[in-house]
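Residue numbers (our numbering), protein chains in the order written: chain A, 8 to 34; chain B, 765 to 1036.
Beneath this line is the structure, given in structure tokens, with notes to follow.
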């Protein structure tokens, strides 16, 4: 059995879809 | 019989243009349906889920944060021209849940639920130790300041008698010791003229209502108090402006400018 050497999987930066951008300021 | 394919929702980004369009339609909806307080503007989209809807369309399930602006809900000023209440003025945040239907490119609100809450006193004090905080609207000083300010405004507005609609904001200012209030009024749709009013409760609102908004400060001083009030009457085409010379004799009505039809009451920011 040919074992694929473990490839370090670096998760691509998860685009945080939410919460979205703050348009003014956070209370 | 197996159920139809489970209705799965999709989760676009909160800053997707389509999501933002749905959120802006929802904010317009609350501003056009609120009956008191101030207009709110979109500050942040917290969550979004988009459900397919049979037979057509999609339903956006949104959670958004809003911020209070300085425009009263009755003020015809476009939201884009309303400034956001700043933190040092004791900002107010709204938390809203919406369901917005998108069909044929149009957005319509199916459900809306919003709660608003002022920023904490600690946050305001951290930014501005000496800034006044929001006061309870039924505080005796607040009620008195509104009463004095509206009376002063009525005394100056030739012949019309405006009635209090809502105290929308108040602050007890430590130095100089004073009370700052903002309130909305309706009128002059009453059948009373200011000079004849003995018991305002007996004035009946007439059909042609007009709305307006005042900002006033009642300053305590030795042996009395001073009131400064600025009011705007909202006309259908937006607030008009006329100033009344505080020194003028209130009994002598201010003639409206020749180009203004006498029928339209042109009243605006007036300092008494």
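Glycine residues also receive a C-beta, built at the ideal position from the N, C-alpha and C atoms.
Small disclaimer: the values here were computed from a predicted structure and weren't measured.
Which one or two residues does DSSP pair with residue 951 of chain B in a beta bridge? The residue you call residue 951 of chain B lines up with position 187 of the second chain. The partner list for residue 951 of chain B (beta bridge, DSSP) is empty, contrary to what the question assumes.
Compile a chain-ordered list of the residues in the region 843 to 875 of chain B whose CB is closer than 7 angstroms to at least one CB of chain A. 848, 851, 855, 857
- CA nearest to the CA of residue 978 of chain B, picked from B:992, B:907, B:947, B:862: Along the second chain, one-based indexing puts residue 978 of chain B at 214. The shortest C-alpha separation from residue 978 of chain B is found at B:947.
Problem set entry | Separation of residue 812 of chain B from residue 775 of chain B, as counted between CA atoms | For the purposes of this step, residue 775 of chain B is identified with residue 11 of the second chain, where counting begins at 1. For the purposes of this step, residue 812 of chain B is identified with residue 48 of the second chain, where counting begins at 1. Using only the alpha carbons, I get a separation of about 6 angstroms.
What is the rounded straight-line gap between the Cα of residue 915 of chain B and the Cα of residue 800 of chain B?
Here residue 915 of chain B refers to the residue found at position 151 when the second chain is read from its first residue. Here residue 800 of chain B refers to the residue found at position 36 when the second chain is read from its first residue. Approximately 22 angstroms between the Cα atoms of the pair.
Checklist entry - Is the region 935 to 943 of chain B touching the region 980 to 987 of chain B, taking contact as three or more C-beta pairs under 8 angstroms? => result yes
Inset, instruction - Taking C-beta pairs closer than 8 angstroms, name the residues in chain A that residue 811 of chain B reaches, listed in chain order. - result: The residue labelled residue 811 of chain B in the question sits at position 47 within the second chain. Result: 25, 26.
Assigned secondary structure, residue 811 of chain B (DSSP; H/G/I helix, E/B strand, else coil) | Taking the first residue of the second chain as position 1, residue 811 of chain B is located at position 47. Residue 811 of chain B falls in the strand class under three-state DSSP.
Compare the C-alpha of residue 928 of chain B against each of B:857, B:833, B:997 and name the closest.
The sequence position of residue 928 of chain B within the second chain is 164, counting from 1. For the residues B:857, B:833, B:997, the minimum Cα distance to residue 928 of chain B belongs to B:997.
Coil, strand or helix - residue 927 of chain B by DSSP = Looking up residue 927 of chain B in the second chain gives position 163. The answer is strand: DSSP assigns residue 927 of chain B an E or B state.
Handout entry: Within chain A, partners of residue 835 of chain B - CB distance below 7 angstroms
Key = Counted from its first residue, the second chain places residue 835 of chain B at position 71. By Cβ distance, chain A contributes nothing, its closest Cβ being about 15 angstroms from residue 835 of chain B, past 7 angstroms.
- Query: Just how far apart, CA to CA, sit residue 908 of chain B and residue 830 of chain B?
  - Reply: Translated into positions along the second chain, residue 908 of chain B becomes position 144. Translated into positions along the second chain, residue 830 of chain B becomes position 66. Spanning the two alpha carbons is a distance of roughly 31 angstroms.
How many angstroms separate the CA atom of residue 871 of chain B from the CA atom of residue 860 of chain B? Within the second chain, residue 871 of chain B is the residue found at index 107, counting from 1. Within the second chain, residue 860 of chain B is the residue found at index 96, counting from 1. Looking at the two C-alpha atoms, the distance is approximately 17 angstroms.
Skipping 5 residues on each side, what residues in its chain have a beta carbon closer than 7 angstroms to that of residue 32 of chain A?
As a working mapping, residue 32 of chain A is identified with position 25 in the first chain. Cβ within range, chain order: n/a, list empty.
Using a Cβ cut-off of 7 angstroms, which residues of the region 778 to 806 of chain B contact any Cβ in chain A, in chain order?
-> 778, 779, 806
- Identify the residues that DSSP records as bridge partners of residue 886 of chain B: which are they? Position 122 of the second chain, counted from the start, is the residue given in the question as residue 886 of chain B. Answer is none; residue 886 of chain B lacks a bridge partner.
(message) Please tell me whether residue 883 of chain B has its Cβ less than 7 angstroms away from any Cβ of chain A.
(response) Counted from its first residue, the second chain places residue 883 of chain B at position 119. With 7 angstroms as the cut-off, residue 883 of chain B counts as an interface residue toward chain A.
Cβ neighbours of residue 944 of chain B in the same chain (closer than 6 angstroms, five flanking residues each side left out) | For the purposes of this step, residue 944 of chain B is taken as residue 180 along the second chain, with counting starting at 1. So the qualifying residues of the chain are 935, 937, 981.
Could you check whether the Cβ of residue 897 of chain B sits closer than 7 angstroms to any Cβ belonging to chain A? Along the second chain, one-based indexing puts residue 897 of chain B at 133. Judged by the 7 angstroms Cβ criterion, residue 897 of chain B is not in contact with chain A.
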